[in-house]
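Sequential numbering from 1405 applies to the sequence shown in this note's numbering. Beta carbons are placed, not taken as given, at the ideal position from N, Cα and C, and that holds for glycine. Values in this document were obtained by computation on a predicted structure and should not be read as measured data.
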Amino acid sequence: MVKQRVQNARGRRAAALASAAAIVGTSFFVGMPTAMAAPDAITVTSLGLAGNAVAGVCEATTGAGNCTLRGALEIANASTNPDGVEITFASALSGTGKIVTTGGDVNSMYTSRVGNPAGNLNGAIGQNGARFLVDSDVPVSIDFTNLDGIDGQDWHATAGFYVKSDDVVLENLTTFRAAEAGIAVGGSNVDINDVNLSDTDTVWGEIGVAFLDGASDVTLNRVTSHSMYWANYAVDTAATVSNIRFNAVRSAGVHAWAHIDIEDGATVNGFVVDNSVLGASSETSPTHGFWMNPNITVTGLQFTNSQFLSPGQNGLFFEGSGQNLTNTRIVNSEFTGTGNNLPGYDAGNISRVIGNNTGTWNGLTFEDNTIDQAQAVKFGGTVRNATFVNNTFSNVNDPAFAALHLGNVSENITVANNEFDRIWAHDTIRVEGTSAENVVIEDNDIFNLTASVSRAAIGIYANGTGNRVRNNNMQQDISGAPGLPDHVDNHWAIWNEAQAATATDTIGWQITNNHIEGFGGKDRSQAPIVNNARGKLLVTGNTFGPHTRGGVTTDVEHSAFWFLWNVHDSLSNNTVQTFRAENVALDGTNATFTAVQPAPLIGNNAAVGPVTLHVYWTAADNAEVYLGAITDVNAGESVSIPATQTNGFIRLQTVDANGNTSQYSALDPDAPSQVPAAPSVGEVTEDTASGTGTPGANVVVRDESDEEVASVEVAPNGEWTVSGLQCETGYTVTQVVGGISSGETAFTTATCGSNAGPGDNGDGNGDGDGDGNGSDAGDDQKLDATGMPGGILGGVIAGILALMAAGAAFVASRNVARNI
1405 MVKQRVQNAR
1415 GRRAAALASA
1425 AAIVGTSFFV
1435 GMPTAMAAPD
1445 AITVTSLGLA
1455 GNAVAGVCEA
1465 TTGAGNCTLR
1475 GALEIANAST
1485 NPDGVEITFA
1495 SALSGTGKIV
1505 TTGGDVNSMY
1515 TSRVGNPAGN
1525 LNGAIGQNGA
1535 RFLVDSDVPV
1545 SIDFTNLDGI
1555 DGQDWHATAG
1565 FYVKSDDVVL
1575 ENLTTFRAAE
1585 AGIAVGGSNV
1595 DINDVNLSDT
1605 DTVWGEIGVA
1615 FLDGASDVTL
1625 NRVTSHSMYW
1635 ANYAVDTAAT
1645 VSNIRFNAVR
1655 SAGVHAWAHI
1665 DIEDGATVNG
1675 FVVDNSVLGA
1685 SSETSPTHGF
1695 WMNPNITVTG
1705 LQFTNSQFLS
1715 PGQNGLFFEG
1725 SGQNLTNTRI
1735 VNSEFTGTGN
1745 NLPGYDAGNI
1755 SRVIGNNTGT
1765 WNGLTFEDNT
1775 IDQAQAVKFG
1785 GTVRNATFVN
1795 NTFSNVNDPA
1805 FAALHLGNVS
1815 ENITVANNEF
1825 DRIWAHDTIR
1835 VEGTSAENVV
1845 IEDNDIFNLT
1855 ASVSRAAIGI
1865 YANGTGNRVR
1875 NNNMQQDISG
1885 APGLPDHVDN
1895 HWAIWNEAQA
1905 ATATDTIGWQ
1915 ITNNHIEGFG
1925 GKDRSQAPIV
1935 NNARGKLLVT
1945 GNTFGPHTRG
1955 GVTTDVEHSA
1965 FWFLWNVHDS
1975 LSNNTVQTFR
1985 AENVALDGTN
1995 ATFTAVQPAP
2005 LIGNNAAVGP
2015 VTLHVYWTAA
2025 DNAEVYLGAI
2035 TDVNAGESVS
2045 IPATQTNGFI
2055 RLQTVDANGN
2065 TSQYSALDPD
2075 APSQVPAAPS
2085 VGEVTEDTAS
2095 GTGTPGANVV
2105 VRDESDEEVA
2115 SVEVAPNGEW
2125 TVSGLQCETG
2135 YTVTQVVGGI
2145 SSGETAFTTA
2155 TCGSNAGPGD
2165 NGDGNGDGDG
2175 DGNGSDAGDD
2185 QKLDATGMPG
2195 GILGGVIAGI
2205 LALMAAGAAF
2215 VASRNVARNI
């Protein structure tokens, strides 16, 4: 009988049912008895190797006293029951021994080579075929419960099981050793559950589970493969496989290559390893996690919620070139060793999490992973559309690469919210190669770079556009632990070597708003941020804590040892000279100062105005707080910016009109920076005001338009007076002490006319006519016609007339409104 395989198992089964329905009519499904809709059940009762054709004692429904596994499979492979065949083992077999596979082809169900005969695995899967074959047009399940195991006891180079057909389940096999591959899968919709493949005594077992060309929708649940020679799990050479899934899989003790081997030229569409463990810290023959052979195409590789533990080996190892990986996810997994990492390599550490490679990665998610007692995550090819987020790197030891090392081409990459601690490596984060586009390194905590050579927390070496290093927290050990080795001069926070085409072009990186603490460990150590490049590089908003080397002299503005160093005269940011802050006033609300442009120091060039000033506050000699930026500033202007501080000092950084960023400014540690008290205001008349202030201060009066209208020096007795003011007018008064202006005191001059004294001719008691006959309080007053005093009557009449006029205006406005 010639079988025609249908690749889609579910489609084939549906087609078979549809054909049956066509034969008996639509009543097939309605009238079919329930008892008929069931798989055939076969019980294995013998540990022998002979097939049913020889023994003749297996029955398709129950098995018989000498029913072997081979006999049961022969019946299953010939079955036409669309509900399939279920093979189980009699309870009487429990404890009676294993099925021992030995002998030549006579004891094998399949005698042709299994797998690609021209591939690297041609001698590792099944050179001489397979002991057991599942090749049926119907679903087949084998439950090995009650079987003590299967043991290949010769070197006949056969696979244990060749699953050639679709819809197959193998489960509950506690001990299994084969001469080559334990299980070779070429079908679809295959589940392998609770199977333990192990060969700790010989090198016969080559592979635990092999995935052949055409394998798809294959799931391994709680499968263990231990001590195979080639690999515990492998994808065959040039095979195309799809939707392979590992769940709670264990792998350890591979002798030669890797826990999971993807062979040359393979195409993989979906390969998920979840909740699984590759390797063990106690392995005596550790191997790499994945062996990525040349010219493979892998889409949808996932390593999630899993562990890689093999000492001295790579999580992902790459041989040669030509690897293309798309939509890779390495998430919530651990890559951990057990060694004492620092200094130098320890045998307990694992090697590189991702080994050096020239592969092309398009769509990579590397998130929430733990890397400890390990080496680098390294990319040497092309990485596009990648995220490295929320990972923890600790005790990373790599003498050749950075803890996270990107290059040669990096595009659309985010490195964010990671923590790095105790890194003995080339750098902590390094971006190098031919180009970098839209690489963002932000919000990372980078602690304790401990390299025994001059290295950086973040090293930038790739030219490009749209790249950012921002909001990172970089701290060296400030707890009193050992600092730099004697022969090491520099641990930089950020080292930039990315170049622009010319000195007037813009470098495609920005370094902003990072906080740096504890760098500058020796007198000869260079600045924490070094711009060793040609072109314009924006480096602003970066703050430096009190344990970073501080400075107040003008050397800070042009030398190599403080805060930021523009290395090459006239080439690095044109080595632009910064402005300085003088006459600084800190009142708890604002920082006010005069922007002074000094003559350029040696090697520096004048800033082209108007400039943008980036303003920092320091308690002593660093730049602990970034207050913000003030734009369009010209030399000599008095400017201010919100600030809550009332003491300390102001330091500036200048970005000139051409986009060049200066080094940080010097400051005068003896300059007063507290705001003097506001002057007090005492007597006020229509046109004068007087009060008290600081002797020698300059008192300035301004009107409501903030225009200066008067000024005077406070007398030695602390008093001041100004004149020439307008009556009934509001003013403010400040005093300037030592070049620093105080807060304001507001006042209003007296009511107009309130300064007039008694009449020129009167004595103050009469009517002012000088005749001595003025009336007093007892005199009779003149009355008008109503009998009211004349003065009172006049006031009443005037009030009535005013009310009548207001009423008339109101009525008129209502009439106008209605007409509108």
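In the structure shown, residue 1511 adopts helical secondary structure according to DSSP, grouped into three states. The count of Cβ pairs closer than 8 Å, one atom from the region 1626 to 1637 and one from the region 1650 to 1657, reaches three, so the stretches are in contact. The region 1945 to 1957 and the region 1979 to 1987 do not touch, with fewer than three beta-carbon pairs separated by less than 8 Å. With respect to the C-alpha of residue 1828, the residue from 1950, 1806, 1701 and 2027 having the closest C-alpha is 1806.
The C-beta distance from residue 1546 to residue 1502 rounds to 15 Å, too long to meet the 8 Å contact threshold. Taking C-beta separations shorter than 6 Å and ignoring five residues to either side along the sequence, the partners of residue 1774 in its chain run 1738 and 1796, following chain order. Rounded to whole angstroms, residue 1548 and residue 1866 show a C-alpha spacing of 58 Å.
Taking one beta carbon from each stretch, the region 1506 to 1525 and the region 1485 to 1493 have fewer than 3 pairs nearer than 8 Å; the two do not touch. Minimum Cα-Cα distance from residue 1471 among the listed residues 1485, 1452 and 1586 corresponds to 1452. In the three-state reduction of the DSSP assignment, residue 1638 falls in the strand class, which pools E and B. Non-local C-beta neighbours of residue 1901 in its own chain, meaning closer than 7 Å and more than five positions away in sequence, comprise 1864, 1865, 1936 and 1937, ordered along the chain. Just measuring C-alpha positions, the residue of 1622, 1816, 1975 and 1702 sitting nearest residue 1905 is 1975. Taking the Cα positions, residue 1996 is about 40 Å away from residue 1841. With fewer than 16 other beta carbons inside 10 angstroms of its own, residue 2142 counts as exposed. The way I'd put it, the region 1528 to 1543 does touch the region 1565 to 1579; three or more beta-carbon pairs between them come closer than 8 Å. Around the beta carbon of residue 2130, fewer than 16 other beta carbons lie within 10 angstroms, which makes this residue exposed. Taking 7 Å as the cut-off, the Cβ atoms of residue 1785 and residue 1763 count as close.
Put simply, the region 2101 to 2121 does not touch the region 2060 to 2072. Fewer than three CB pairs are less than 8 Å apart. Proximity to residue 1640 across 1614, 1633, 1632 and 1659 peaks at 1614, based on C-alpha coordinates. When beta bridges are read from the DSSP output, residue 1940 appears opposite 1910. In this chain, residue 1474 is not harboured by any beta strand (DSSP E); it is covered by the alpha helix (DSSP H) spanning 1473 to 1482. Three or more pairs of CB atoms, one per stretch, sit closer than 8 Å, so the region 1696 to 1704 contacts the region 1654 to 1673. Beyond the five residues adjoining it in sequence on each side, residue 2033 comes within less than 6 Å, by CB distance, of 2016 and 2018 in the same chain, given in chain order.
DSSP lists 1666 and 1722 as the beta-bridge partner residues of residue 1696. For the pair residue 2088 and residue 2153, the CB atoms are nearer than the 7 Å cut-off. Classified as exposed, residue 2100 has fewer than 16 neighbouring CB atoms from the shown chains inside 10 Å of its CB.
Look at the region 2061 to 2124 and you find these whole runs of beta strand (DSSP E), each 3 residues long or longer: 2065 to 2068, 2084 to 2088, 2092 to 2096, 2102 to 2106 and 2112 to 2117. If you look at residue 1986, you'll find it in the beta strand (DSSP E) that goes 1984 to 1990.
Taking C-alpha positions only, residue 1515 is separated from residue 1588 by approximately 14 Å. Note that the C-beta distance between residue 1983 and residue 2056 is below 7 Å. Residue 1473 and residue 1535 have their C-alpha atoms roughly 10 Å apart. Between residue 1777 and residue 1753, the CB-CB gap stays under 7 Å. With contact defined as three or more Cβ pairs closer than 8 Å, the region 1940 to 1953 and the region 2037 to 2044 are not in contact. Boundaries of the beta strand (DSSP E) around residue 2149: 2149 to 2152.
Assigned with DSSP and collapsed to three states, residue 1961 falls in helix. Taking all protein chains shown into account, residue 1932 has 16 or more neighbouring C-beta atoms within 10 Å of its C-beta and is therefore buried.
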